[in-house]
Amino acid sequence: MTGRHVLSKFGQEIAETVAQIKSNGKRAPHLAAILVGNDGPSQNYVAMKARDCDEVGFNSTVIRMKETISEEKLLDKIAELNADDDIDGFIVQLPLPTHMDENKVILAIDPKKDMDGFCPENVGK
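First residue of the sequence shown: 172, per this note's numbering; consecutive thereafter.
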């Protein structure tokens with residue numbers, strides 16, 4: 172089942188739930204995406220995810236990083252998002268530049284915030 176299929180089937184229900192949450196004085200869910208580099212399909216995918224969030228009333232943030240950023244700086248940003256209570260979940264858009272270890276990056280994501288479900292604890296759930 173694709174994200175677009177889920178949104179078309181459950182989008183209205185999700186939007187109503189988010190509206191109820193907000194009417195009770197709580198904040199809407201907030202999702203983030205880290206995009207490293209200028210890969211066209213990745214940019215399109217992340218833009219689509221931000222649009223999907225908007226459709227159901229979620230807040231979303233796209234964090235753009237240069238392709239030349241060090242793996243260490245990316246891991247620092249992941250640690251920052253893991254610790255940020257205002258961010259409910261996030262993705263690191265793949266593929267990453269060749270100088271980065273995608274597995275190491277995925278393992279740095281807190282499984283509770285892993286929106287792609289790539290962390291070992293989430294695979295198969």
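Backbone N, C-alpha and C fix where the C-beta goes; we use that ideal spot for every residue, glycine too. For clarity, every value in this text was computed on a predicted model and none was experimentally measured.
Same chain, Cβ closer than 6 angstroms to P282, neighbours up to 5 away in sequence not counted: C290, E292, N293
For I205 and A186, what's the separation of their Cα atoms in angstroms? 24 angstroms
Which one of I262, S213, H270 has the shortest CA to CA distance from A203? I262
Distance between R198 and L278 (C-alpha atoms, nearest Å): 28 angstroms
Looking at the unbroken beta strand (DSSP E) that takes in I205, where does it start and where does it end? 201-207
How many Å lie between I192 and D256 at the Cα? 17 angstroms
Measure the Cβ-Cβ separation of V132 and A221 and say whether it is below 8 angstroms. This structure cannot settle anything about residue 132, because the visible part of the chain is limited to 172 through 296.
Are E251 and M271 close, meaning C-beta to C-beta below 8 angstroms? no
For L246, collect the residues of the same chain with a Cβ closer than 8 angstroms to its Cβ; drop the 5 residues on either side in sequence, then sort them by chain order. K275, V276, A279
What are the complete beta strand (DSSP E) segments, minimum 3 residues, inside the region 206-270? 230-236, 260-263
May I have the straight-line CA-CA distance separating Q183 from H201, to the nearest angstrom? 18 angstroms
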